[in-house]
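Undergrad:
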């Protein structure tokens with residue numbers, strides 16, 4: 586079950602954010618893209634309006650909010666209704682699972698990862714894009730999330746917290762990217778993407794099912 590109530594009524598406003606914050610969006614997209622193998626059968630969980638699945642060539646998505654699914658379908662993504670904790674797919678259905686800014690909204694994060702593990706084939710890739718609460722800007726988000734329309738109900742995690750849960754679910758072979766080192770309101774130029782985590786607001790975790 587997702588904490589999704591703001592998205593039901595504000596899908597267009599959510600989607601417009603990516604146009605209004607183009608430099609941030611493009612930096613996040615570059616960070617995620619660096620871990621996305623080409624021509625794999627992929628699934629995006631919490632596909633939203635398709636802002637990541639479409640440019641990354643991921644053709645299948647799961648999204649609980651109908652208004653978001655409608656926009657994603659306009660971008661060519663085949664989005665089904667569903668929940669991260671109960672995926673409507675057979676075991677080993679995908680070579681890639683992607684989640685971007687999703688884990689902060691799921692109610693059962695361990696079940697989310699065990700379901701991701703289940704639908705991945707052996708040797709499959711999982712890529713997680715997230716707000717890193719262990720970063721300086723992430724700490725600011727924690728303090729002020731009650732003022733945010735979309736993040737008020739979110740639970741922010743550090744990368745280390747997520748790694749512990751991913752290991753329990755069976756994932757291994759981790760590597761990392763990070764970006765967004767400056768306050769979003771002041772970003773007017775391209776943000777760098779670097780390895781590691783805990784410095785950038787947006788972190789990307791790459792793991793494997795072995």
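Residue numbers (the numbering used here): 586 to 795.
Every residue, glycine too, gets a C-beta built ideally from N, C-alpha and C.
Rounded to a whole number of angstroms, what is the C-alpha to C-alpha distance between residue 744 and residue 706?
TA: By 1-based counting over the chain shown, the position of residue 744 is 159. By 1-based counting over the chain shown, the position of residue 706 is 121. The straight-line gap from Cα to Cα measures roughly 24 Å.
Undergrad: By the three-class DSSP mapping on this structure, what secondary structure does residue 641 have?
TA: Counted from its first residue, the chain shown places residue 641 at position 56. Helix at residue 641.
Undergrad: Is DSSP giving residue 793 helix, strand or coil here?
TA: To locate residue 793, count along the chain shown from 1; it is residue 208. The answer is strand: DSSP assigns residue 793 an E or B state.
Undergrad: Using the Cα positions of residue 613 and residue 778, report the straight-line distance between them to the nearest angstrom.
TA: Indexing the chain shown from 1 puts residue 613 at position 28. Indexing the chain shown from 1 puts residue 778 at position 193. Those two C-alpha atoms are separated by around 8 Å.
Undergrad: Which residue wins for smallest C-alpha separation from residue 640, given the options 691, 730 and 621?
TA: In the chain shown, residue 640 corresponds to position 55, counting from 1. When each option's Cα is compared against that of residue 640, the closest is 621.
Undergrad: Using three-state DSSP, classify residue 687 as helix, strand or coil.
TA: Residue mapping note: residue 687 aligns to position 102 of the chain shown, counting from 1. In the structure shown, residue 687 sits in coil (DSSP, three-state: anything other than H, G, I, E or B).
Undergrad: Between residue 793 and chain C, is the shortest Cβ-Cβ distance under 8 Å, so that the two count as touching?
TA: Among the protein chains of the structure shown there is no chain C, as only one such chain exists.
Undergrad: Given a cut-off of 8 Å on the beta-carbon distance, is the pair residue 857 and residue 633 in contact?
TA: Examination of residue 857 is not possible in this model, given that the chain is present from 586 through 795 alone.
Undergrad: In the DSSP assignment, what residue or residues form a beta bridge with residue 679?
TA: On the chain shown, residue 679 is found 94 positions in, with the first residue counted as 1. Answer is 705.
Undergrad: Just grab the DSSP bridge partners of residue 664 for me.
TA: Your numbering for residue 664 matches position 79 in the chain shown. DSSP, once it has assigned bridges, lists 646 as partnering residue 664.
Undergrad: Using C-beta distances below 8 Å, list every residue in its chain close to residue 657, excluding the 5 sequence neighbours before and after it, in chain order.
TA: Numbered from its first residue, the chain shown carries residue 657 at position 72. Cβ within range, chain order: 632, 633, 634, 635, 638, 639, 646, 648 and 664.
Undergrad: If you follow the beta strand (DSSP E) that residue 762 is part of, which residue opens it and which one closes it?
TA: Translated into positions along the chain shown, residue 762 becomes position 177. Start and end: 757-764.
Undergrad: Is the CB-CB distance between residue 792 and residue 756 below 8 Å?
TA: As a working note, residue 792 is residue 207 in the chain shown. As a working note, residue 756 is residue 171 in the chain shown. Yes, Cβ-Cβ distance for residue 792 and residue 756 is below 8 Å.
Undergrad: Which whole runs of the beta strand (DSSP E) in the stretch 605-643 are 3 residues long or more, in chain order?
TA: Complete beta strand (DSSP E) runs here, min 3: 627-630.
Undergrad: To the nearest angstrom, how far is the alpha carbon of residue 785 from that of residue 735?
TA: Position 200 of the chain shown, counting from 1, holds the residue named residue 785. Position 150 of the chain shown, counting from 1, holds the residue named residue 735. Roughly 20 Å separates the two Cα atoms.
Undergrad: Ignore the nearest five residues each way along the sequence and tell me which others in residue 618's own chain have a CB closer than 7 Å to its CB.
TA: Counting from 1 along the chain shown, the entry for residue 618 is found at position 33. Same-chain partners within the cutoff: 641.
Undergrad: Spatial neighbours of residue 615 within its chain, please: CB distance less than 6 Å, with the 5 preceding and 5 following residues excluded, ordered by chain position.
TA: Numbered from 1 along the chain shown, position 30 holds the residue referred to as residue 615. If we look at residue 615 and ignore the five residues flanking it on each side, its Cβ neighbours are 778.
Undergrad: Can you name the residues that DSSP bridges to residue 715?
TA: Position 130 of the chain shown holds residue 715. In the DSSP output, where bridge partners are listed per residue, residue 715 has 788.
Undergrad: Give the range of the alpha helix (DSSP H) segment to which residue 723 is assigned.
TA: Your numbering for residue 723 matches position 138 in the chain shown. First-last of the alpha helix (DSSP H) with residue 723: 721-729.
Undergrad: Is residue 780 helix, strand or coil when you go by DSSP?
TA: As a first step, residue 780 is located in the chain shown; it is residue number 195 there, counting from the start. Strand, per DSSP.
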